[in-house]
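Read in order, the letters of the sequence shown are residues 15 to 207 in my numbering.
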Amino acid sequence: MNEQGNGHFLTDVQELRRRAREHIHEGAITAGYQADRETVVKLLNDALATEIVCVLRYKRHYFMAQGLESEAVGKEFLAHADEEQQHADQIAQRIVQLGGAPDLDPAGLATRSHSEYVEGTTLVDMIKEDLIAERVAIDSYREIVLYIGEKDPTTRRIMESVLAKEEEHAEDMVSLLVRFDPTSKSPTVSKKH
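Here it is, written out as structure tokens:
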């Protein structure tokens, strides 16, 4: 591509067509792809494992929630499990687009996952474990987004979207924790003087 002084880009269409035909077997990955595909696929497979572990933990919490308020909290757990499954599907699809294979081998899910599978025994314990897992996902996904940068805009947007949802999940869990655990404090916003 050639940059013109007025901010417009002119593309050699004939060159684009030639390159598209030359590497047709690479599907969506064109010569303009700048990231290290092998590393991105590994990062995505780790994120996929994290999402699957989160699905399993939220599902367990959905079924195990007991107590007076358990129905409402259980519905929240189930909604989060469904959203985590959607994230897993998006990530797996992107892995395939990058020429990789989604690693769904159950034997390695727990070791590849960034978050842990901790069951929790009480409703408050379950909420805490889900909040911890969301916080782990938030930090690890933020690192993935920063690592990818401008080298793979599609993967970056997918992970930014998943990251935003994980932040919503964390906020949901904080609200539940404050509601059900009298020893928990509401999050505070520091004031700048």
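For every residue, glycine included, the Cβ atom is placed at its ideal position computed from N, Cα and C.
What you are looking at is a predicted structure, and each value in this text was computed from that prediction instead of being measured.
Pull up the distance between the alpha-carbon of residue i and that of residue j, whole angstroms please.
i	j	result
Ser-189	Glu-130	21 Å
Glu-164	Thr-197	43 Å
Arg-33	Asp-166	19 Å
Val-176	His-101	6 Å
Thr-6	Asn-59	Since the displayed the chain opens at 15 and closes at 207, residue 6 lies outside it and no answer follows.
Ser-154	Ile-38	34 Å
Ala-184	Leu-160	20 Å
Asn-16	Gln-48	The pLDDT assigned to Asn-16 is 44, lower than 50, so where the model puts this residue is not dependable, and the model offers no usable value.
Ser-204	Asp-103	For Ser-204, the predicted structure reports a pLDDT of 48, less than 50, and the residue's modelled location is therefore unreliable. A value from the coordinates is still provided. When rounded, the distance between both Cα atoms is 37 Å.
Gly-134	Asp-26	59 Å
Val-138	Phe-77	15 Å
Glu-181	Ile-158	15 Å
Lys-199	Asp-186	14 Å
Arg-193	Arg-35	59 Å
Ala-124	Lys-179	22 Å
Leu-57	Gly-46	20 Å
Could you tell me which of the options sits nearest to residue i, measuring between CA atoms?
i	options	result
Ile-172	Leu-123, Glu-40, Ala-61	Ala-61
Thr-136	Val-55, Leu-160, Leu-82	Leu-82
Gly-114	Thr-125, Tyr-161, Asp-50	Asp-50
Leu-191	Glu-174, Lys-142, Glu-182	Lys-142
Val-132	His-75, Lys-179, Ile-162	His-75
Gln-111	Ala-42, Glu-182, Met-140	Ala-42
Assuming residue i and residue j form a contact by the criterion Cβ under 8 Å, report the distance between their Cβ atoms to the nearest whole angstrom.
i	j	result
Ala-151	His-128	6 Å
Tyr-72	Glu-98	6 Å
Ala-63	Arg-126	4 Å
Phe-91	Ala-106	Not confirmed; about 22 Å, so no contact.
Pro-116	Ile-109	5 Å
Would you be able to state if there are at least three C-beta pairs under 8 Å between the segment 136-155 and the segment 63-71? yes
For the pair the segment 74-90 and the segment 53-60, tell me if three or more CB-CB distances fall below 8 Å. no
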